[in-house]
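First the structure, in the form of structure tokens, and then the observations on it.
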Amino acid sequence: MVRELVVLGSASQAPTRTRNQNGYLLRWDEDGVLFDPGEGTQRQMLFAGVAMSAVTRICVTHFHGDHCLGLPGVLQRLSLDHVTRPIPLAFPASGEVYVDHLRRASSFYDRLDLRLQPVTVPSSGRELVTVEDLGRWTLRAAALRHSIETIGWRVEEHSGRTMLPDRLTEARISGPAVGRLLDEGAISVGGRRVTLEEMSVERPGQIVAFVMDTGWCDGALALADGADMLVCEATFASADAELAVAYGHLTAAEAGRLAAESGVRRLLLTHFSQRYRDVGPLVEEAKAMFSGEVVAATDLTRVAVPPRRTQ
Ligand SMILES: [Zn+2]
Numbered sequence: 368m369v370r371e372l373v374v375l376g377s378a379s380q381a382p383t384r385t386r387n388q389n390g391y392l393l394r395w396d397e398d399g400v401l402f403d404p405g406e407g408t409q410r411q412m413l414f415a416g417v418a419m420s421a422v423t424r425i426c427v428t429h430f431h432g433d434h435c436l437g438l439p440g441v442l443q444r445l446s447l448d449h450v451t452r453p454i455p456l457a458f459p460a461s462g463e464v465y466v467d468h469l470r471r472a473s474s475f476y477d478r479l480d481l482r483l484q485p486v487t488v489p490s491s492g493r494e495l496v497t498v499e500d501l502g503r504w505t506l507r508a509a510a511l512r513h514s515i516e517t518i519g520w521r522v523e524e525h526s527g528r529t530m531l532p533d534r535l536t537e538a539r540i541s542g543p544a545v546g547r548l549l550d551e552g553a554i555s556v557g558g559r560r561v562t563l564e565e566m567s568v569e570r571p572g573q574i575v576a577f578v579m580d581t582g583w584c585d586g587a588l589a590l591a592d593g594a595d596m597l598v599c600e601a602t603f604a605s606a607d608a609e610l611a612v613a614y615g616h617l618t619a620a621e622a623g624r625l626a627a628e629s630g631v632r633r634l635l636l637t638h639f640s641q642r643y644r645d646v647g648p649l650v651e652e653a654k655a656m657f658s659g660e661v662v663a664a665t666d667l668t669r670v671a672v673p674p675r676r677t678q
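All residue numbers for the sequence shown refer to the numbering used here, where the first residue is 368 and numbers rise by one.
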């Protein structure tokens with residue numbers, strides 16, 4: 368099973384020669400969650416070697432152009448390619464007017480089964496709102512703090528159990544009995560009651576958090592809490608912290624602090640201002656605050672979700 372983030376774009380506001388506007392495809396088993404498709408997302412997917420049919424749902428953090436102007440192209444292309452499965456589109460409910468504009472931006476034969484998911488979250492605080500429970504994982508959301516309503520996303524796998532083969536052999540449990548033990552939590556073997564807890568250990572679910580345009584806030588902390596991978600905006604260097612405050616953005620050092628306070632494992636910095644030709648110093652700023660792994664997003668690369676925690 369593949370769990371990785373395909374970086375389609377990593378520039379804030381305006382594209383550069385080396386960075387497209389935002390766009391991120393989270394490949395998560397059979398799902399493909401497309402976050403914030405900026406202009407040019409369709410072509411970036413081609414360059415990145417991912418088919419449009421890999422997209423199974425779309426999440427938009429907010430309706431500034433660098434996070435959503437690729438939506439018309441993506442939706443029209445999904446329709447053109449005869450993608451028949453329903454495509455949920457989750458977005459801040461206050462931006463519904465922009466969704467209406469973007470999905471009808473030009474004339475096309477619309478055969479896409481787009482399912483709108485306008486999301487409402489408390490405007491502040493650490494509450495995570497469940498958007499949809501997909502059986503094996505849950506899509507959750509929390510408010511971020513920006514100049515317009517902005518929502519961050521969290522992909523949260525349900526925890527499960529890993530069976531211990533030695534104990535199963537010892538208890539003489541095999542074949543369909545293992546499935547029954549998983550389903551029922553306990554079974555009787557030769558007159559003895561055997562529980563799932565005895566025969567297995569907890570398998571923690573994996574978590575990916577997506578924190579885009581925001582100032583420091585509780586919502587970002589809630590989203591990032593315990594994440595295996597945090598995709599986080601780092602628009603500015605600390606030297607430009609005044610700009611970060613003025614425009615509702617994080618510095619790279621704040622992104623590092625967010626990862627550190629949240630117990631994150633891998634931090635992927637992105638959404639860089641075009642003023643930085645070299646983002647190496649931003650990575651160093653984040654590293655000074657956070658002892659985990661820090662990676663700077665580079666267009667058309669893939670960043671793996673770290674292997675599952677063992678406990
Ligand atoms: Zn932005």
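Positions of the beta carbon are idealized from the N, C-alpha and C atoms, including for glycine.
Among the candidates the options, whose CA atom is the shortest distance from the CA of residue i?
{"i": "A606", "options": "L548, Y465 and L649", "result": "L649"}
{"i": "Y465", "options": "R424, H434, L667 and V422", "result": "H434"}
{"i": "A627", "options": "A604, D592, T602 and Y643", "result": "D592"}
{"i": "Y391", "options": "L438, T383, R384 and M368", "result": "L438"}
{"i": "A663", "options": "E565, T602 and S526", "result": "T602"}
{"i": "I540", "options": "V522, R559, R528 and G527", "result": "R559"}
{"i": "R570", "options": "R675, E652 and G586", "result": "R675"}
{"i": "P382", "options": "R370, L436 and L588", "result": "L436"}
With DSSP collapsed to three states, give me the class of residue i.
{"i": "A559", "result": "For clarity, residue 559 is Arg in the given sequence; the question names Ala instead. Three-state result, R559: strand."}
{"i": "Q484", "result": "strand"}
{"i": "E564", "result": "helix"}
{"i": "R632", "result": "coil"}
{"i": "A604", "result": "coil"}
{"i": "E660", "result": "strand"}
{"i": "P642", "result": "Sequence inspection shows Arg at residue 642; the Pro mentioned does not correspond to that position. The answer is coil: DSSP assigns R642 none of H, G, I, E or B."}
{"i": "G593", "result": "coil"}
{"i": "A627", "result": "helix"}
{"i": "D398", "result": "strand"}
Would residue i and residue j be called neighbours here (beta carbons separated by less than 8 Å)?
{"i": "G623", "j": "F657", "result": "yes"}
{"i": "S555", "j": "M530", "result": "no"}
{"i": "L495", "j": "R507", "result": "yes"}
{"i": "L479", "j": "S446", "result": "yes"}
{"i": "T339", "j": "T505", "result": "Outside the shown range of the chain (368 to 678) lies residue 339, about which nothing can therefore be said."}
{"i": "R633", "j": "G659", "result": "yes"}
{"i": "D666", "j": "R386", "result": "yes"}
{"i": "A378", "j": "Q573", "result": "no"}
{"i": "H431", "j": "I515", "result": "yes"}
{"i": "D448", "j": "S420", "result": "yes"}
Thinking residue i and residue j are a contact (beta carbons under 8 Å), I'd like their distance in whole angstroms, please.
{"i": "T637", "j": "V661", "result": "In fact, because the Cβ distance is near 12 Å, the residues do not count as touching under 8 Å."}
{"i": "Q380", "j": "G407", "result": "Wrong, their Cβ atoms sit about 14 Å apart, outside the cutoff."}
{"i": "V422", "j": "I454", "result": "7 Å"}
{"i": "D595", "j": "V575", "result": "7 Å"}
{"i": "R493", "j": "H525", "result": "At roughly 21 Å, the Cβ-Cβ gap does not stay under 8 Å, so R493 and H525 are not in contact."}
{"i": "V441", "j": "P404", "result": "5 Å"}
{"i": "D585", "j": "S491", "result": "6 Å"}
Does residue i come within less than 8 Å of chain D when only Cβ atoms are used?
{"i": "T497", "result": "Here there is only one protein chain, and chain D is not present."}
Inside the region 401–436 only - alpha helix (DSSP H) runs reaching at least 4 residues: 408–415
Complete runs of the alpha helix (DSSP H) confined to the region 471–552 [at least 4 residues]: 532–537 and 543–551
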